[in-house]
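Colleague: Numbering of the sequence shown is given in the working numbering, commencing with residue 1211 and proceeding in unit increments.
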Amino acid sequence: MKASLLASESTGGAVARDGFGYQDAFVLQHLPLWLAQAAFSHVVSEAVGDIEVCYFGQGGTTVRTFIEAKAYALSWSAFWDEIKQFKKVHETSPTEFPHFVLLCRDFNSTTAPLVAMMSRLRGVGRSYDATSPLLAQTRDEILQWVVDKKQPRDLAQFVVDRVDFVTYADENAHSAFPGEVERHLPSINLRAKDAAAFREKCVGMVTRSARSPVTRQEIEAALVDVLGPDASLWARTPTALALGGAVPPFELGLVVDPFNGPGRASLSAADWRHLSAHGAAIGEFVKRSRSRTGIALSGKQRMSLACLLGYTFAAAKGFVLDIDHNGERFRTDEHAQMPEPFFAVTSRPANGDIKEGVATIAFPTEAAADVAVATGGDFALAPRLDLASGRAIDGALALNKAVAEAKSALVDFRSRNQLERVHLFIKAPSHFAMVLGHRLNAVGRIQLYDWVDRRYVATAVLA
1211 MKASLLASES
1221 TGGAVARDGF
1231 GYQDAFVLQH
1241 LPLWLAQAAF
1251 SHVVSEAVGD
1261 IEVCYFGQGG
1271 TTVRTFIEAK
1281 AYALSWSAFW
1291 DEIKQFKKVH
1301 ETSPTEFPHF
1311 VLLCRDFNST
1321 TAPLVAMMSR
1331 LRGVGRSYDA
1341 TSPLLAQTRD
1351 EILQWVVDKK
1361 QPRDLAQFVV
1371 DRVDFVTYAD
1381 ENAHSAFPGE
1391 VERHLPSINL
1401 RAKDAAAFRE
1411 KCVGMVTRSA
1421 RSPVTRQEIE
1431 AALVDVLGPD
1441 ASLWARTPTA
1451 LALGGAVPPF
1461 ELGLVVDPFN
1471 GPGRASLSAA
1481 DWRHLSAHGA
1491 AIGEFVKRSR
1501 SRTGIALSGK
1511 QRMSLACLLG
1521 YTFAAAKGFV
1531 LDIDHNGERF
1541 RTDEHAQMPE
1551 PFFAVTSRPA
1561 NGDIKEGVAT
1571 IAFPTEAAAD
1581 VAVATGGDFA
1591 LAPRLDLASG
1601 RAIDGALALN
1611 KAVAEAKSAL
1621 VDFRSRNQLE
1631 RVHLFIKAPS
1641 HFAMVLGHRL
1651 NAVGRIQLYD
1661 WVDRRYVATA
1671 VLA
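1. Does the beta-carbon of Trp1286 have 16 or more other beta-carbons within 10 angstroms, so that it is buried, or is it exposed?
2. In terms of alpha-carbon separation, which member of Phe1317, Leu1519 and Arg1601 lies closest to Ala1554?
3. Taking the C-alpha atoms as reference points, what is the distance between Ile1277 and Asp1260?
4. Between the alpha carbons of Leu1437 and Ala1288, how many angstroms are there, rounded?
5. Please report the straight-line C-alpha distance between Ser1303 and His1309, rounded to a whole angstrom.
6. Just curious, the alpha helix (DSSP H) that Val1325 is in, first and last residue?
7. Can you grab the Cα-Cα spacing for the pair Leu1238 / Cys1412, in whole Å?
8. Is Arg1512 close to chain D? Criterion is C-beta to C-beta, closer than 8 Å.
9. Cys1314 to Asp1364, Cα distance in whole Å?
10. Span of the alpha helix (DSSP H) holding Val1645?
11. Opposite Tyr1378 in the DSSP bridges: which residues?
12. List the residues that DSSP assigns as beta-bridge partners of Val1254.
13. Provide the residue span of the beta strand (DSSP E) that contains Arg1558, from first to last.
14. State the start and end residues of the unbroken beta strand (DSSP E) segment that holds Val1530.
15. Quick one: what's Val1273 bridged to in DSSP?
16. Nearest by alpha-carbon distance to Thr1542: which of Ala1246, Leu1515, Lys1510 and Thr1503 is it?
17. Ignore the nearest five residues each way along the sequence and tell me which others in Ala1249's own chain have a CB closer than 7 Å to its CB.
18. Using DSSP with H/G/I as helix, E/B as strand and the rest coil, what is Tyr1184?
19. Return the chain-ordered list of same chain residues with a C-beta closer than 6 Å to the C-beta of Asp1404, the five sequence neighbours on each side being excluded.
20. Let's test the definition: count the other Cβ atoms within 10 Å of the Cβ of Gly1562 and tell me whether it reaches 16, buried, or not, exposed.
21. Is Gln1657 helix, strand or coil when you go by DSSP?
22. If you reduce the DSSP assignment to three classes, tell me which class Ile1571 lands in.
23. Tell me, please, whether the stretch 1391 to 1408 touches the stretch 1370 to 1378 by the rule of three or more beta-carbon pairs shorter than 8 Å.
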């Protein structure tokens, strides 16, 4: 039998909704935590599971944490019936339902040993590398314990891979709510009466969560409503974007290590387009799920990746970047500039009817010789724009001036020469490339290049 929204396991709770204050309390108390998780989209009660916490997944899919809530300790057989139901749901939709939680007020003496072992594995076990022999030994011991209790090995493996066990008492959910807000949403400071007002708005959402999802957007709207004049602090709180080798659970992010490493010379144009499409999908999710459009990210990326990320979350699309670069933070909604010029600009017109041009931006060291090698042959007669400076970026004023001059020069270069494509070479601090990409509207198609293995290679296309 397949799992379904119409199955008796799914509909029974919706029919008897008035008797489920326990799971309502859990949802209420955990709303601040979920709001702090960047990928959180919505929560719904009495769908397939008692509670389903829904997140943005790779490719724009919805990934659900399935929570079964019991306000009592389950018997041995009922405990394993729940696990079997979890497994059935996972097998019906494995990508949609990768993670399960059995939530109980308590676990009895027969199930508590397994819960304790899993708590060790999920708790202190996280401090070990995934390949640690100690972790492997612990998993094997848990598997053997379950098998010794006459349960199938594949069910034991499912528990180890996909199930968490949580003990929860609901008596203090209302009084604990303000503390949860303070703990998980540190950028705001709610007065006691405002915290109480926010809690009551959330209670109203939770009590109808069996009829329709409680969305991030409406939770944030309720928060803004009670914040009143202080809402600007929340509005400036950016959404974190993780950039690395993997995306952390419940967060938004892009796997960018291949685009920063030495192997990026072998990446295809399709690889760069695929990364850009993933970023664009995240951007669309951010815009439809919250009014805040700030994106917090690290500016320490390779040149093409930095520029592509800035372009993906562009100012023209309504985003604000909050960039961490060597411990300094730069926000792209702060526009003040230093008064003096940053670049020395030189240009050369086309020799013939050439619709592609070459632009270089290099500071504080020059890149002319390396670019000359990369642009020989077909581009030897192309129109050329060179921006050079001996200055360094010593703060936001210099950064904004450099980006503004570079953007203006590129727009003028493209327009004056009627170019269909600009081949852009940047040798500069990476946060400059990111902010330049962020502001590169009205420049047309741009081919980026990276310096890899002592030569320039074509990378991403901005179009």
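Just so it is clear, CB atoms sit at the ideal spot from N, CA and C, and this is done for glycine as well.
Modeller: Let's see:
1. exposed
2. Arg1601
3. 6 Å
4. 45 Å
5. 11 Å
6. Ala1322 to Arg1332
7. 7 Å
8. Included in the structure is just one protein chain, with no chain D present.
9. 23 Å
10. Ser1640 to His1648
11. Its beta-bridge partners do not exist; DSSP assigns none.
12. Glu1262
13. Ala1554 to Arg1558
14. Val1530 to His1535
15. Tyr1265
16. Thr1503
17. Tyr1265, Phe1266, Phe1460, Glu1461 and Leu1462
18. With the chain covering 1211 to 1673 only, the question about residue 1184 has no answer from this structure.
19. Val1436
20. exposed
21. strand
22. strand
23. no
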